[in-house]
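In terms of numbering that gives the first Met the number 0, the sequence shown opens at residue 0 and continues consecutively.
In what follows, a single structure is set out as structure tokens and then discussed.
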Amino acid sequence: MTLKTSITTGGKGHLLALLAGAIFPLGLAPVGFWPLIPASMALLLILLEGQTPRRAFLRAFLYGMGFHGVGVSWVYVSIHFYGSAPVWLAALGTLLFCAFLSGLLFALPFWAYRRLQMDRYALLTFPALWVLMEWTKTWLLSGFPWLWAGYGFIDSPIAGLAPVAGALGLSLVAAVSAVLLRQILKQESPRRLPAAGALLVIWVSCWLLQNTPWTQPDLAQSRQVALIQGNIPQEQKWDPKYRNKIISTYVDATRENWDADLILWPEAAYPVFYHQALRTITDLDIAASEKSVAIISGVPRWEPQENGEQHYYNAVFVIGDGEGIYNKQKLVPFGEYVPLEDVLRGLLPFFNLPMSSFTKGAAEQPPLIAKGLSFSAYICYEIVYPELVRQQARDKDFLITISNDAWFGRSWGPIQHFQMARMRALETGKYLLRGTNTGITAIIDHRGRVQSRIPSFQAGVLKGVIYGTAGVTPFVQFGQWPVLGLCLLLLIAGIALSSRPIQEPEVRPLYHRSTVSRK
0 MTLKTSITTG
10 GKGHLLALLA
20 GAIFPLGLAP
30 VGFWPLIPAS
40 MALLLILLEG
50 QTPRRAFLRA
60 FLYGMGFHGV
70 GVSWVYVSIH
80 FYGSAPVWLA
90 ALGTLLFCAF
100 LSGLLFALPF
110 WAYRRLQMDR
120 YALLTFPALW
130 VLMEWTKTWL
140 LSGFPWLWAG
150 YGFIDSPIAG
160 LAPVAGALGL
170 SLVAAVSAVL
180 LRQILKQESP
190 RRLPAAGALL
200 VIWVSCWLLQ
210 NTPWTQPDLA
220 QSRQVALIQG
230 NIPQEQKWDP
240 KYRNKIISTY
250 VDATRENWDA
260 DLILWPEAAY
270 PVFYHQALRT
280 ITDLDIAASE
290 KSVAIISGVP
300 RWEPQENGEQ
310 HYYNAVFVIG
320 DGEGIYNKQK
330 LVPFGEYVPL
340 EDVLRGLLPF
350 FNLPMSSFTK
360 GAAEQPPLIA
370 KGLSFSAYIC
380 YEIVYPELVR
390 QQARDKDFLI
400 TISNDAWFGR
410 SWGPIQHFQM
420 ARMRALETGK
430 YLLRGTNTGI
440 TAIIDHRGRV
450 QSRIPSFQAG
460 VLKGVIYGTA
470 GVTPFVQFGQ
480 WPVLGLCLLL
490 LIAGIALSSR
500 PIQEPEVRPL
510 YHRSTVSRK
């Protein structure tokens with residue numbers, strides 16, 4: 000019995016599948032040891048080899064449970080600590096969430112992978128299946144595009160591919176690398192050397208893209224910025240008795256930083272609706288205009304409709320030397336709206352969180368201007384959608400994202416969120432300002448590098464310089480569609496080739512009858 004057989008059969012194989020999935024998120028933030036990503040994928044390939052479709056379903060499901068159980072464990076923090084759910088219910092809710100994603104995104108696709116014998120052409124089908132699975136996360140049930148393989152490579156030698164093919168392009172390289180790694184690990188395989196050569200060529204090619212100047216800072220468009228991190232505890236955020244204190248925190252910090260061109264407050268910095276804070280906003284607008292400073296802030300707002308209904312929006316607005324209001328388009332399920340609201344609202348405290356009845360903003364909205372530069376804004380969850388960011392960033396000078404990640408405490412969630420924001424800066428080739436309540440507040444340059452940041456759970460003001468950029472990245476021009484199109488073609492080709500019957504080698508007789516001598 001070989002080592003591979005001894006550790007991948009029966010219960011040992013099932014346990015290894017769970018562990019293989021669990022090491023994948025360690026390649027992402029905050030651990031960030033990216034070699035674990037292709038290693039985890041290669042282990043999955045090994046564990047699926049020779050399995051029946053039913054066993055492949057089980058092992059892929061267990062892989063997904065390890066994958067999500069470690070990677071999105073922060074969901075428990077939000078449900079228990081801020082949704083007021085008891086420990087058992089928060090744990091059950093997190094478990095069911097992980098099970099749902101594991102079944103839909105891993106078990107079913109890899110059941111089909113073995114059922115259709117796609118592993119016969121794994122170099123075509125496995126990377127395609129993986130990337131299409133990740134893309135599915137952007138739209139399935141309103142979307143949860145978390146834990147993409149590509150994010151782990153933002154500080155790796157192949158990060159230069161991101162401005163060309165985006166995070167999904169990096170995921171594709173990771174999955175291809177996993178298949179080649181599996182081939183290299185096979186004993187006495189004649190394909191080991193070609194696989195190693197192919198792996199080297201792919202990585203060197205991506206590395207050579209690192210210094211390609213797709214965009215460059217425009218020195219004539221430099222702006223001094225100040226980002227305010229209030230560090231307001233979540234339990235105080237919507238408590239009326241802290242309202243004046245919270246607003247004063249941001250107003251006082253703003254008055255101390257009039258030397259900046261642009262001042263950024265975080266998501267929902269005003270713990271009241273826009274019309275309820277109108278006096279403060281008007282006073283700040285006048286003062287900022289006199290100082291020639293633009294203030295960008297998050298605030299909840301409402302609009303009465305002709306039919307008598309009220310629409311509530313999670314918004315960004317600009318005052319002082321700038322203009323514009325943006326209403327958030329991508330809403331967080333349960334955090335900003337409740338699916339099946341008539342049934343679930345009031346059933347549990349988690350379904351009745353503060354500010355969880357927002358309306359989705361329009362796809363087309365007026366431009367935002369601050370200190371003579373145009374920018375696009377993304378509120379919290381929106382920054383994790385590459386296509387949304389790309390479409391809005393196309394003709395903008397810089398990007399901002401504001402968030403309140405206090406909901407997730409000191410878990411991995413806010414750090415993963417920050418890594419995804421960095422990827423958007425790298426993909427678009429534009430400077431990005433990230434303003435948050437409790438962290439991570441940062442200034443990120445056009446190559447996704449962190450210029451400066453404030454530690455989490457620490458109040459402060461981050462000051463620095465940003466630039467508008469000249470040029471455009473291939474990703475901004477073409478988006479994810481070339482990668483998705485390639486993966487679709489690879490999958491179709493792989494399925495077609497896999498459906499062909501296996502040709503049995505022809506066995507020829509050692510001699511013909513006519514040549515046999517007769518006695």
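All C-beta atoms in this analysis are idealised placements derived from N, C-alpha and C, irrespective of residue type, glycine included.
The model shown is predicted, which means the values in this text are computed figures rather than measured ones.
Start and end residues, beta strand (DSSP E) containing residue i
i      : result
Val178 : Element bounds for Val178: not the beta strand (DSSP E) but the alpha helix (DSSP H), Ala161 to Leu184.
Ile285 : Looking at the DSSP string, Ile285 is not in any beta strand (DSSP E); the run it does join, the alpha helix (DSSP H), is Leu277 to Lys290.
Tyr120 : Unbroken run through Tyr120: none, as it is neither H nor E.
Asn326 : Ile324 to Asn326
Leu367 : Leu367 to Ala369
Of the residues the options, the one placed nearest residue i, counting alpha carbons only
i      : options                           : result
Trp147 : Met40, Thr248, Lys244 and Asp260  : Met40
Pro265 : Leu461, Phe23, Leu330 and Ala59   : Leu461
Tyr312 : Ala287, Glu322, Ser288 and Gly360 : Gly360
Cys97  : Asn243, Val69 and Val86           : Val69
Ser174 : Leu425, Phe152 and Pro189         : Correcting the residue identity first, residue 174 is Ala in this sequence and not Ser. If we check each option's Cα against that of Ala174, Phe152 comes out closest.
Leu485 : Ala19, Leu47, Val130 and Gly92    : Val130
Val331 : Phe357, Glu308, Val317 and Gln415 : Phe357
Trp301 : Glu234, Asp284 and Val271         : Val271
Gly467 : Ile453, Tyr380 and Val224         : Val224
Leu35  : Phe60, Glu48, Pro52 and Phe66     : Phe66
Val388 : Ala90, Met419 and Leu372          : Met419
Arg114 : Ser247, Leu88, Arg254 and Gly49   : Gly49
Proximity test, residue i beta-carbon vs the ligand GDP heavy atom, cut-off 7 Å
i      : result
Leu487 : Absent from the structure shown: the ligand GDP. Ligands present: none.
Beta-bridge pairing of residue i - partner residues as DSSP gives them
i      : result
Trp301 : Tyr311
Val449 : Ile443
Gly434 : Ile401
Thr483 : Correcting the residue identity first, residue 483 is Leu in this sequence and not Thr. Note: Leu483 sits in no beta bridge, so no partner.
Arg222 : Ile465
Asp258 : Paired residue(s): none; Asp258 is not in a bridge.
Thr214 : Gly470
Ile227 : Val460
Leu372 : Ala369
Other residues of its chain near residue i: CB distance less than 7 Å, five sequence neighbours each side excluded
i      : result
Val76  : Phe407, Gly408 and Ser410
Leu346 : Here Leu346 scores only 48 on pLDDT, less than 50, and its place in the model should not be relied on; the value that follows carries that caveat. None.
Val74  : Thr93 and Phe96
Glu322 : Ile368
Asp284 : Ile318 and Gly319
Phe374 : Leu367, Lys395, Asp396, Phe397, Leu398 and Ile399
Ala252 : Ile227 and Val460
Contacting residues, own chain, Cβ-Cβ under 8 Å from residue i (five flanking each side not counted)
i      : result
Phe32  : Leu25 and Gly26
Val342 : With a pLDDT of 45 at Val342, under the threshold of 50, the predicted position of this residue should be treated as unreliable, though the coordinate-derived value follows. Excluding sequence neighbours, Val342 sits near nothing in its chain.
Lys518 : Only weak support is given to the placement of Lys518: the predicted model assigns it a pLDDT of 41, under 50, and the value that follows is read from those uncertain coordinates. Answer for Lys518: no residue qualifies.
Val292 : Trp257, Ala259, Asp260, Leu261, Ile262, Gly319, Asp320 and Lys370
Gly63  : Gly20, Cys97, Leu100, Ser101, Gly102, Leu104, Phe105 and Ala106
Gly10  : none
Val86  : His79
Glu363 : none
Neighbourhood of residue i by C-beta, 6 Å cutoff - its chain only, sequence neighbours within 5 removed
i      : result
Leu431 : Leu398, Ala424 and Ile443
Val315 : Gly297, Tyr325 and Ala376
Arg119 : Ser497
Ile280 : none
Pro413 : Asp404 and Phe407
Thr7   : Leu46
Run of the alpha helix (DSSP H) containing residue i, from where it starts to where it stops
i      : result
Tyr380 : Where Tyr380 is concerned, there is no enclosing alpha helix (DSSP H), given that its DSSP letter is neither H nor E.
Ala21  : Gly9 to Ile22
Asp251 : Arg242 to Arg254
Ala90  : Val86 to Ser101
Ile45  : Leu35 to Leu47
Leu140 : Neither: Leu140 is in no alpha helix (DSSP H) and is coded neither H nor E.
Ser204 : Arg191 to Trp206
Gly412 : Gly412 to Thr427
Pro52  : Pro52 to Gly70
Glu234 : Gln233 to Lys236
- Task: Would you check if there are 3 or more beta carbon pairs closer than 8 Å linking the segment 116–126 to the segment 144–160?
- Result: no
- Query: Should the segment 490–497 be regarded as contacting the segment 174–185, the criterion being three or more beta carbon pairs within less than 8 Å?
  - Reply: no
- Message: Check whether the segment 138–153 and the segment 165–177 are in contact - that is, three or more C-beta pairs closer than 8 Å.
- Response: With a cut-off of 8 Å, the segment 165–177 and the segment 138–153 count as touching, because enough Cβ pairs lie within range.
- Kindly confirm or deny that the segment 445–464 and the segment 213–231 touch, where touching means at least three C-beta pairs closer than 8 Å. Pairwise C-beta distances place the segment 445–464 in contact with the segment 213–231, as three or more of them are shorter than 8 Å.
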